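Enquirer: Encoded as structure tokens, here's the structure I'll be asking about.
Residue numbers (my numbering): 626 to 792.
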């Protein structure tokens, strides 16, 4: 399977120095969500490639319009969405993990992501509850969503995800 991470795609666009990259950088630096049009365009590009083994979308869709656009893109290509995995982690643990990720990067002599700070994380959580949380019900209604406890150890989370993908 090919992993398509919108975060990776956006960071790549951001570092490109293009006009679109500058727009992406500004939005990401304040912890906001990039417009649906930009994200869908990036996904459309990636779906043109080799589809052997399928795709895992990481961080996409994040809004109902993106979910509808994904359904249209997949239909155009004769594909269907097999499953949606909701990683469940409480807000405080998530904030601690991301802030710690930044501290670990700095301790290792690497640059921390600009949005790996408590203020940006809390802003992203607010955006999540407004724009992304409605997708849980959207995909549950379609019988596609499965929740995985993201607080478990890595091996258990990986095994739980594998069960969903193998079903």
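Glycine included, C-beta positions come from ideal geometry on N, C-alpha and C.
As the structure is a computational prediction, the values presented were derived from the model and not from experiment.
1) Measuring straight from C-alpha to C-alpha, what distance separates residue 664 and residue 635?
2) Excluding five sequence neighbours on each side, which residues of the same chain lie with their C-beta closer than 8 Å to the C-beta of residue 751?
3) Given this structure, state the Cα-to-Cα distance separating residue 637 from residue 777, to the nearest angstrom.
4) Quick check: the Cα distance between residue 646 and residue 640, rounded to an integer number of angstroms?
5) For residue 678, I'd like the list of residues in its chain whose CB is within less than 8 Å of its CB, leaving aside the five on either flank, ordered along the chain.
6) Output the distance between the C-alpha atoms of residue 673 and residue 738, rounded to the nearest integer angstrom.
7) Following the continuous alpha helix (DSSP H) through residue 748, name the residue where it begins and the one where it ends.
8) Is residue 710 closer than 7 Å to residue 789 when the C-beta atoms are compared?
9) Looking at the unbroken alpha helix (DSSP H) that takes in residue 791, where does it start and where does it end?
10) Find the nearest neighbour of residue 656 within the set 766, 745 and 764, judged by alpha-carbon distance.
11) Which word fits residue 722, buried or exposed, when buried means at least 16 other C-beta atoms lie within 10 angstroms of its C-beta?
12) Hey, how far is the Cα of residue 735 from the Cα of residue 724?
Expert: So, from the listed chains and residues:
1) 8 Å
2) none
3) 30 Å
4) 6 Å
5) 626 and 627
6) 29 Å
7) 743 to 752
8) yes
9) 779 to 791
10) 745
11) exposed
12) 14 Å
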